[in-house]
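Novice: Protein sequences appear in the order of chains A and B. Note that my numbering has the first sequence beginning at 1, numbered continuously upward. Note that my numbering has the second sequence beginning at 1, numbered continuously upward. I have a structure here, written as C-alpha cells, and I will follow up with some questions on it.
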Amino acid sequence: MKFVRKSGVLLAALVIALLLLPFITDALLGRGWVRIVDFAMLYIMLALGLNIVVGYAGLLDLGYIAFFAVGAYCYALTGSPHLALAFPMAFPDGVHLSFWVVLPLAALVAGGFGVLLGAPTLRLRGDYLAIVTLGFGEIIRIFLNNLNAPVNLTNGPQGISRINPVSVVDVPLNITQNVFGIALPSVHLYFYLFLAFTVLVIFVSHRLERSRIGRAWMAIREDEIAAGAMGINTRNLKLLAFAMGAMFGGASGALFAGFQGFVSPESFSLMESIMVLCMVVLGGMGNIAGVILGGVLLAVLPEALRHSVVPLQQALFGKTVVDPESLRMLLFGGALIVMMLYRPAGLLPSRVRRRELDTDEVVEKP
Amino acid sequence: MTDSSPLLQLSSIGKQFGGLSALSDVSLHIRRGEIYGLIGPNGAGKTTLFNIITGLYQPGEGEFQFNGVRYQVCKPHVLAQAGIARTFQNIRLFANLSALENVMIGRHARTRAGVFGALLRNRATRSEERAITERARELLRYVGIERPAQTLAKHLSYGEQRRLEIARALATDPLLLALDEPAAGMNATETASLKTLLQTIRDHGITVLLIEHDVKLIMGLCDRVSVLDYGKKIAEGVPEQVRKDPAVISAYLGGGGD
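Here it is in C-alpha cells:
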C-alpha cells in the first residue's frame, strides 16, 4: 500500500486532465475533434463490453456490433416520433420515453439478445463460434434494413431520425448550456456523460475480473472440461458472459442514438464489429487498460489520418493522389500485421495473455 | 463415516460408442473411507468408466447412485457439486493461471458470490474471497507445493502439476476423489510421495478412487480393487485375492496389453 500516495496524486492529475480534455481539444484542434473524442468514449465502452466475452471467457464474437444496434434502436424507437408511422392509432406522436427509462431497458433487451445468441452456440468454440456470431450480427443488421414493411418498424435503410437528445435532470444535452458561468457546448456535455458511463463500465469490468465469476470465466477460457469438473456450470457462465457483454453494448447503443439523434443500419456493419474486436486484440485482450488504449487509438487515428493525409498530399504533389479512405485501410492492415509480429499479446497485454504467448521457459525462483 | 451405505453404487452400467461396446454390465460399489482401485489392461474401459463416474460421459444403461442420490443425467458440474472431484490422465490445469488461482477456481463449487456480489463487493463477498484464498494456500501446502503460489501452473514441474491437480480437486471439498492415473510418468520417488499423500487424504476421511497402470502402487495402497477387461468386470476384492485370480492373470498375461 506504499503506492497509495503516489497513485492518489496520479489519479487526481488524470481526473483533472480528463475533465479539461474537451476544452483542450476544442482549443487546439477544433470542435469537430471533441466529437471524435466522444465517439472514442463510445468505442471504449463497446470494446470493454466485448472484452468480457472475448478477453475473459475466451468466446470469439464477430457480431458484437449487433448488440450496439439493438440498444441504439431501442432508444430510437422509444425516444422519437417514428412509431407514429408504424402505429398511428396507438402513438399519434410517437413514443417519447425518458432516456433514463430506456437505458436500462436497452441494456436488458440487448442482454436478452446476448442470451439468444449464446444459447445455440454453447457447444461451439473458436472459429466455429466466430462464424455463427458473424452471421448473427449480419442478421440483425439485415432485419433493421428490411423491417420497414409490412409495418414500418425501423424505417429501413433511411434509418430513424429526430431522436430525442439525452437530458440530465431536465437539461437537454443537445444545446449549449451554461454551468457555473462556463458555456458548455453539446459535444462537451456528451463528453462528460460518456465519461461517467465509461468510468462505470471500467469499474464493473474491474470488479468482475477479480471475482469468483471472473475466475470461472477464465477457467472456461483455459479449459472448459476442467472447468466443468470444478463444479462450474459452463453453460450458465458462458450465457452470463454473452449477456453481460451485450448489456454493455446495448447501453452504449442507447447513448449513441441519443448523441447522434439519428440511427441507420449502415452504422452497424460487420466492419464495425471487426473494428471493436481489433480494439480489444490490439490493446491487449483481457486487460482493461489495454482495451482502453486500443479503443482510443483505433477511434482517433483514422480521423487523424483523414485530417492529415489530404493536406499533406496537397502540399507534396499539389493534388490528392490516394483517397484517405483507402489509405486508412491499408495502414490499418499494416499496423495489425506489425502488431501481430512484434507484440502478439497487444500493446498492454494482460498478465495472463502475456504468459500465454511467452515461451515456455521455466522461470526459476529460489 | 458412520453411514454404512456405499458412497458410490454402479449397477449394470453399459456404454456403447457407435457399434463398439466399451462397457457392459459393470456393477461396483465404493464404500465410504476406502481407497478403491480400478485396474485392467489397455483398452479395458477404465477411463470410460471413470468418465461416466465423473459425468463426462452419460451411461448408456444402468444405474448410478452417489451418496444416496440417483443420478439420471449427470453433468460434470452437478457431480462436482455433489462431491465427486477428479483429476485428468493428461493433466488439464488452467495452464496460464497461477497455482493459487487454479486452486481458487476449485472453490467455485463451494462458494456463492454472483454478479452482484462481485460488483458490490459487500462484506459477505469480501470474507468469502478471503476464505477462498486462505483455503487455496492451505491446500497448496497440504499437497506439498513449495513454490511461490503465484507461479504459473505451466511452469511447475511434472510432479508438482499432478499435485496441483489434486489440490484443485480437493478444493471442491469432495466426498470422493477420483484420480485418473495419477502416477503416470512419475519416477519412483514421486510415486512414493504420491502414495503417502493419498494415504493422508484417505485418513482425512475422503474416499479415493484410483485408476492406475502401476499395479504395484495399486496393490500397496488400495483396500479393494476391481479389474476390468474388454469392458467387463472380471474380478473384485482385496488386492491379495485379486492378484491370485486366474481370470486376472490370464487377462494380463494372455490378453496382451501391458
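Positions of the beta carbon are idealized from the N, C-alpha and C atoms, including for glycine.
Restricting to runs no shorter than 3 residues, where is the beta strand (DSSP E) found entirely within the stretch 133-204 of chain A?
Specialist: As far as the stretch 133-204 of chain A is concerned, its whole beta strand (DSSP E) runs of at least 3 residues are 177-179, 182-184.
Novice: Mind checking who B/Y36 pairs with in its DSSP beta bridge?
Specialist: Within the second sequence, residue 36 of chain B is the residue found at index 36, counting from 1. Looking at the DSSP assignment, B/Y36 forms a beta bridge with B/L209, B/R224.
Novice: Does the separation of the CB atoms of A/P165 and A/G261 fall below 8 Å?
Specialist: Here residue 165 of chain A refers to the residue found at position 165 when the first sequence is read from its first residue. Here residue 261 of chain A refers to the residue found at position 261 when the first sequence is read from its first residue. Yes, the Cβ-Cβ distance between A/P165 and A/G261 is below 8 Å.
Novice: Just checking: is the beta-carbon of B/E101 within a distance shorter than 8 Å of some beta-carbon in chain A?
Specialist: On the second sequence, position 101 is the one that residue 101 of chain B refers to. B/E101 counts as touching chain A.
Novice: Rank B/L152, B/L120, B/T125, B/A171 by C-alpha distance to the C-alpha of B/V143 and give the top, closest one.
Specialist: Your numbering for residue 143 of chain B matches position 143 in the second sequence. For B/V143, the nearest C-alpha among the options comes from B/A171.
Novice: Name the two residues that bound the continuous beta strand (DSSP E) containing B/A178.
Specialist: Counted from its first residue, the second sequence places residue 178 of chain B at position 178. That run of the beta strand (DSSP E) goes 176-180.
Novice: Is the number of C-beta pairs between the stretch 26-46 of chain B and the stretch 78-97 of chain B that are closer than 8 Å three or more?
Specialist: Taking 8 Å as the limit for Cβ pairs, the verdict is that the stretch 78-97 of chain B does not touch the stretch 26-46 of chain B.
Novice: Please report the straight-line C-alpha distance between A/T198 and A/P22, rounded to a whole angstrom.
Specialist: To locate residue 198 of chain A, count along the first sequence from 1; it is residue 198. To locate residue 22 of chain A, count along the first sequence from 1; it is residue 22. C-alpha separation (whole angstroms): 15 Å.
Novice: Find the nearest neighbour of A/A86 within the set A/V54, A/I220, A/P150, A/S211, judged by alpha-carbon distance.
Specialist: On the first sequence, residue 86 of chain A is found 86 positions in, with the first residue counted as 1. Nearest C-alpha to A/A86: A/P150.
Novice: Quick one: residues in its chain with C-beta nearer than 7 Å to the C-beta of A/F194, no 5 flanking neighbours on either side, listed in chain order?
Specialist: Reading the first sequence from its first residue, position 194 is the one you call residue 194 of chain A. The residues are D38, M41, L42, L255.
Novice: So which residues of chain B does A/A107 contact, with C-beta pairs closer than 8 Å?
Specialist: Translated into positions along the first sequence, residue 107 of chain A becomes position 107. Under the 8 Å cutoff, chain B gives no residues; its nearest Cβ is about 13 Å from A/A107.
Novice: Using beta carbons (cut-off 8 Å, strictly below), is B/N90 in contact with chain A?
Specialist: Locating residue 90 of chain B in the second sequence gives position 90, counting from the first residue. B/N90 does not count as touching chain A.
Novice: Just mark B/T207 as buried or exposed, buried being the case when its beta carbon has 16 or more other beta carbons within 10 Å.
Specialist: Counting from one through the second sequence, the residue named residue 207 of chain B turns up at place 207. Buried is the call here.
Novice: Given that B/A113 touches chain A, what residues does it touch there, using C-beta distances under 7 Å?
Specialist: What you label residue 113 of chain B is simply residue 113 of the second sequence in a count that begins at 1. By Cβ distance, chain A contributes S211, R212.
Novice: Please report whether the beta-carbon of B/N187 lies at a distance below 8 Å from any beta-carbon of chain A.
Specialist: Here the question's residue 187 of chain B lines up with position 187 in the second sequence. So no, B/N187 is outside the interface.
Novice: Does any C-beta atom of chain A lie closer than 8 Å to the C-beta of B/Q72?
Specialist: On the second sequence, residue 72 of chain B is found 72 positions in, with the first residue counted as 1. No, its Cβ sits nowhere closer than 8 Å to a Cβ of chain A.
Novice: Would DSSP call B/L97 helix, strand or coil?
Specialist: In the second sequence, the residue the question calls residue 97 of chain B occupies position 97. The answer is coil: DSSP assigns B/L97 none of H, G, I, E or B.
Novice: For A/V132, return the contacting residues in chain B, with the cut-off set at a CB-CB distance below 9 Å.
Specialist: Translated into the one-based positions of the first sequence, residue 132 of chain A becomes position 132. Near A/V132 there are no residues of chain B at all, since even the closest Cβ is about 23 Å away, more than 9 Å.
Novice: Would you mind sorting B/L8 into buried or exposed? The rule is 16 or more other CB atoms within 10 Å of its CB.
Specialist: Within the second sequence, the letter at position 8 stands for residue 8 of chain B. It counts as buried.
Novice: Of all Cβ atoms in chain B, is any one closer than 8 Å to the Cβ of A/D360?
Specialist: Here residue 360 of chain A is taken as the residue at index 360 of the first sequence, counted from 1. Any reading at A/D360 must be qualified, since the residue scores a pLDDT of 40, below 50, and its modelled position is unreliable; the value itself is stated next. So, interface residue.
Novice: If you reduce the DSSP assignment to three classes, tell me which class B/Q150 lands in.
Specialist: Taking the second sequence and counting its residues from 1, one reaches residue 150 of chain B at position 150. In this structure, B/Q150 counts as coil in the three-state DSSP scheme.
Novice: So, with DSSP's three-state summary, where would you put B/Q72?
Specialist: Taking the second sequence and counting its residues from 1, the one referred to as residue 72 of chain B is at position 72. DSSP places B/Q72 in coil when its eight states are reduced to three.
Novice: So which of B/R32, B/G60, B/A153, B/K216 has the shortest CA-CA distance to B/F66?
Specialist: To locate residue 66 of chain B, count along the second sequence from 1; it is residue 66. Out of B/R32, B/G60, B/A153, B/K216, B/R32 has the C-alpha closest to the C-alpha of B/F66.
Novice: Anything in the stretch 227-261 of chain A with a Cβ closer than 8 Å to a Cβ of chain B? List those residues in chain order, please.
Specialist: Here the close residues are A227, G228, A229, M230, G231, I232, N233, T234, L240, M244.
Novice: Should B/S157 go down as buried or exposed, given a rule of 16 or more other Cβ atoms within 10 Å for buried?
Specialist: If you number the second sequence from 1, residue 157 of chain B lands on position 157. With fewer than 16 other Cβ atoms within 10 Å, it is exposed.
Novice: If contact is defined by three or more beta carbon pairs under 8 Å, each pair taking one atom from either stretch, is the stretch 14-34 of chain B in contact with the stretch 182-199 of chain B?
Specialist: Counting Cβ pairs under 8 Å, fewer than three are found: no touch.
Novice: Going by DSSP, what residues sit across from A/H96 in a beta bridge?
Specialist: The sequence position of residue 96 of chain A within the first sequence is 96, counting from 1. Note: A/H96 sits in a beta bridge opposite A/G79.
Novice: Please state the DSSP three-state secondary structure of A/V115.
Specialist: In the first sequence, counting from the first residue as 1, residue 115 of chain A sits at position 115. A/V115 falls in the helix class under three-state DSSP.
Novice: Please report the distance separating the alpha-carbon of B/A95 from that of A/A72.
Specialist: In the second sequence, residue 95 of chain B corresponds to position 95, counting from 1. In the first sequence, residue 72 of chain A corresponds to position 72, counting from 1. Looking at the two C-alpha atoms, the distance is approximately 40 Å.
Novice: Tell me where the alpha helix (DSSP H) around A/S308 begins and ends.
Specialist: Position 308 of the first sequence, counting from 1, holds the residue named residue 308 of chain A. Residues 288-317.
Novice: Are B/L209 and B/A183 close, meaning C-beta to C-beta below 8 Å?
Specialist: Taking the second sequence and counting its residues from 1, the one referred to as residue 209 of chain B is at position 209. Taking the second sequence and counting its residues from 1, the one referred to as residue 183 of chain B is at position 183. Their beta carbons are not under 8 Å apart, which means B/L209 does not touch B/A183 by this criterion.
Novice: Would A/V280 and A/N51 qualify as a contact pair, given that the criterion is a beta-carbon distance under 8 Å?
Specialist: In the first sequence, the residue the question calls residue 280 of chain A occupies position 280. In the first sequence, the residue the question calls residue 51 of chain A occupies position 51. A contact, by the Cβ cut-off of 8 Å.
Novice: At what residues does the beta strand (DSSP E) containing B/S11 begin and finish?
Specialist: Residue numbering aside, residue 11 of chain B sits at position 11 when the second sequence is read from its first letter. B/S11 -> beta strand (DSSP E) spans 8-17.
Novice: Using a Cβ-Cβ cut-off of 6 Å (strictly less than) and excluding sequence neighbours within five positions of A/G228, which residues of its own chain qualify?
Specialist: Residue 228 of chain A sits at position 228 when you count from the first residue of the first sequence. T234, listed in sequence order.
Novice: Give the single residue among A/C278, A/L312, A/M285, A/R141 whose Cα lies nearest to the Cα of A/A335.
Specialist: As a first step, residue 335 of chain A must be located in the first sequence, where it is residue number 335. When each option's Cα is compared against that of A/A335, the closest is A/C278.
Novice: To the nearest angstrom, how far is it from the Cα of A/G283 to the Cα of A/S205?
Specialist: Translated into the one-based positions of the first sequence, residue 283 of chain A becomes position 283. Translated into the one-based positions of the first sequence, residue 205 of chain A becomes position 205. Straight-line Cα distance between these residues: approximately 15 Å.
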